[in-house]
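Data first, discussion second: the structure below is written as structure tokens.
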Amino acid sequence: MGGKKRPTLSQLAKKAEKEQQQQKAAKKKEEGGGKKAAVTAEEKLIEALAKELPNLNAVTAYDVASKYSVKMTLALRALRALKEKGDLVLIAKGHRTEVYAPAKRAAAS
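Dropping the structure here:
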């Protein structure tokens, strides 16, 4: 008996305000507000790795992520980008791990 209780006016106001905030957040996301920071972080990481490549024998995503305090996905993307440029060569690939070496060292071996 009785039926469902209706929300109070203050509850309705809070719900409407929350929906407006979500719409604003969705608009910002559509405009691409967060993409620029990720791209610049990846570019900075690629530049830092490119400078350090001559000193390395082999490198994995875990090595990069732990040394530069970045996420594993960012480290993987940076290593794959350097591979596409020709600076790195894929030596071994397993189920979870990819091992890269600088192109000059891999050619010498």
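1027 is the number of the first residue of the sequence shown in this note's numbering; add one for each residue after it.
Glycine residues also receive a C-beta, built at the ideal position from the N, C-alpha and C atoms.
The structure presented is a predicted model; accordingly, all values stated were derived computationally and were not measured.
query: Can you have a look at P1033 and say buried or exposed, based on whether 16 or more other CB atoms are within 10 angstroms of its CB?; result: exposed
query: Report, in whole angstroms, the separation of the C-beta atoms of L1100 and E1068, which I expect to be a contact under 8 Å.; result: 6 Å
query: Mind checking which residues open and close the alpha helix (DSSP H) that includes L1097?; result: According to the sequence displayed, residue 1097 carries Lys and not Leu. Looking at the DSSP string, K1097 is not in any alpha helix (DSSP H), and its letter there is neither H nor E.
query: Looking at K1054 and the ligand FAD, is the gap between the Cβ and the nearest heavy atom below 7 Å?; result: No copy of the ligand FAD appears in this structure; indeed no ligand is present at all.
query: Only counting runs of 4 or more residues, tell me where the alpha helix (DSSP H) segments fall wholly within the segment 1076-1133, in order along the chain.; result: 1087-1094 and 1098-1111
query: For K1050, which three-state DSSP category applies?; result: helix
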